Structures are given as structure tokens and as C-alpha cells.
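For reference, the structure discussed in these notes is given below.
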Amino acid sequence: MERKLINYLPYVVREFAEFQGITTGEQLEFELAWDSTQEVFDNQFIDTALDYGLKRWEKMLGIFPKGTDTLETRRARIKTKLNNFAPYSFRVLVQMLTSIANGSPFEVTLDPGTYLLKITAHWGDEGKIESLAYLVKYIVPCNIAVSSANQLLCVADGLIPITGVSQVVNTFFVTNDSKENHGSAGFLTHRGGVSGSAMVTITNDFNENRSITGSVINGGKPVTAEFIEIKSNEGRFDNG
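Going by the working numbering, the first residue of the sequence shown is number 24, and it counts up by one from there.
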């Protein structure tokens, strides 16, 4: 712990072995007291309350938590119970949802003409979803139509490097009539041991336009590419 008992003594006695031994022996007990004091303070607020503080709230509100509930789930359930009052405005409803969300994103809109309330949450915590269901069922007025949904967002950002010893791509295309337009532009860097690509097309009428621009850097060992065409009528093939 950062706080040391020896630092609370006057400088004139800190160098004595006796005082160093006394403070070292009492350090653990004082750390327990400091931690208990901080826990008492945290239990005064729902957002920071631990098991003991949450039990007190649950007992007063008649909530029976599940054995698998996390602290965050229990906090969300307590907030929902405390927000159970009416009447209230749309702004207060948004404040309720904000309190339950605790930083997680959501959208809420109300159509004055049709009295349709749309709530879209993006929450992965089970307790928050339960609180939202309770809010819709018991708190939202009965003359309001509710459309609620929970959508989990999957956002991927960054680079995906791919490397390997062997890479093979085969494409077989059998048709009577084929008409295609292909365009390719960019920068390709290839690294690997063995890379192969084969394309086989069997057709009666073949009309295909290809346009390839960019740079290719190959850093592997053997690289093969096969392009086999069996056709009656040929279009044009451009390389740029």
C-alpha cells in the first residue's frame, strides 16, 4: 500500500529501529482499517456499492438476486426499481434509460402522432436487458405502443495479415453463355511458400472484359497461375 505508518511519525524518530519495527508490525492492521473505511464509503452509492451495500438495497426494495448475477446486473436492477415512479415526461424516461445503460449506447424515439415508442439498445449485460423489459412492462404508460430491441454491435477494425506455406484457388465455371466485366486496382503484396491459382471456364459463348491496374510484389518461392478457356466466341482482354 502507498500509505506507510512510518511516514506519519516525526522525522526525528523514523530512523530508530524500534519505531520501524512497531510500524511494520501494525501496517497490516491499518491497511485493513483503511480498506474497510473505503468500502463503507463506496457502499453509500449504487454505482460503487459492493456485495454488502447491494444486499442492503435489495432487502429494502424486495429484490431477490440470482446466484449468477454480477454486481453490474444487480446495480441495474436496483436502479430500475428506484426509477419506478409516475407520471413522468419523455426526458425523464431518457434519464431512466441512461441510468440503466451506465454508458452503453442506446437510441429512443417517440412519435407524437402514433404514440409509438421505439427503443433500440446495444447492451450485452443480462441485468440491463431485464431492467429494460421491466421498464417497458411496468413503467411505460399503457397508451404508449412500444417497439424495443437489443442489437449487439460487432465492429472490426484493423489489418488481417495472412500467411501460409501453400495456397491454392480453383474456380470451375460451366455455362452456355457468359458475359462478365472484371475490374481490379490496388496494390498486392504476396508472401508465402507455394501459391497456386487455377481458373477453368467451359462455355459456348464467352464475352468478358477485364481491366487490371496496380502493382504486384511477390516475395515467395514458386508461384503458379493457370487460366484455361474453352469457348466459341471470344471477347476482349485488356491489361493495364
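Even for Gly, the Cβ is constructed at its ideal location relative to N, Cα and C.
In this text, all values refer to a predicted model and were calculated from it rather than measured experimentally.
- Scan the stretch 42-86 and note each continuous alpha helix (DSSP H) run of 4 residues or more that stays entirely inside, going in chain order. 74-84, all fully within the stretch 42-86.
- Message: Once the 5 residues before and after residue 171 are set aside, which same chain residues still bring their CB inside 6 Å of it?
- Response: So the qualifying residues of the chain are 142, 159.
- Message: So if DSSP puts residue 173 in a beta bridge, which residue, or which two residues, is it bridged to?
- Response: DSSP output for residue 173 lists 144 as bridge partner(s).
- residue 149 in three-state terms, based on DSSP: In the structure shown, residue 149 adopts helical secondary structure according to DSSP, grouped into three states.
- Query: Could you give the distance in angstroms between the alpha-carbon of residue 154 and the alpha-carbon of residue 25?
  - Reply: The straight-line gap from Cα to Cα measures roughly 39 Å.
- Query: Can you check whether the CB of residue 42 is closer than 7 Å to the CB of residue 32?
  - Reply: Annotated as proximal: residue 32 and residue 42, with beta-carbon spacing under 7 Å.
- Touching by the beta-carbon criterion (3+ pairs, under 8 Å), the stretch 93-103 and the stretch 145-154: By the criterion of at least three beta-carbon pairs nearer than 8 Å, the stretch 93-103 is in contact with the stretch 145-154.
- Query: Buried or exposed: where does residue 76 fall if 16 or more other Cβ atoms within 10 Å of its Cβ makes it buried?
  - Reply: Answer is buried; the Cβ neighbour count reaches 16.
- alpha helix (DSSP H) segment containing residue 113, residue limits: For residue 113, the enclosing alpha helix (DSSP H) stretches over residues 113-124.
- Message: One question on the structure: do residue 50 and residue 73 come within less than 7 Å of each other, judged by their Cβ atoms?
- Response: No, the pair does not count as a contact, with Cβ atoms beyond the cut-off.
- Query: From the DSSP output, which residues share a beta bridge with residue 168?
  - Reply: Beta-bridge pairing links residue 168 to 139.
- Item | C-beta contact flag for residue 167 and residue 138 at 7 Å | Less than 7 Å separates the beta-carbon of residue 167 from that of residue 138.
- Message: Quick check on residue 36: does DSSP put it in helix, strand or coil?
- Response: Of the three classes helix, strand and coil, the one that applies to residue 36 here is helix, per DSSP.
- Query: For residue 95, does the three-state DSSP call read helix, strand or coil?
  - Reply: The answer is helix: DSSP assigns residue 95 an H, G or I state.
- Query: So what does DSSP say about residue 155, is it helix, strand or coil?
  - Reply: If DSSP states are grouped into helix, strand and coil, residue 155 belongs with the helices.
- Query: Is residue 146 near residue 106, with beta carbons less than 7 Å apart?
  - Reply: Not in contact: residue 146 and residue 106 (Cβ atoms no closer than 7 Å).
- Is residue 105 helix, strand or coil by DSSP? For residue 105, the three-state secondary structure derived from DSSP is helix.
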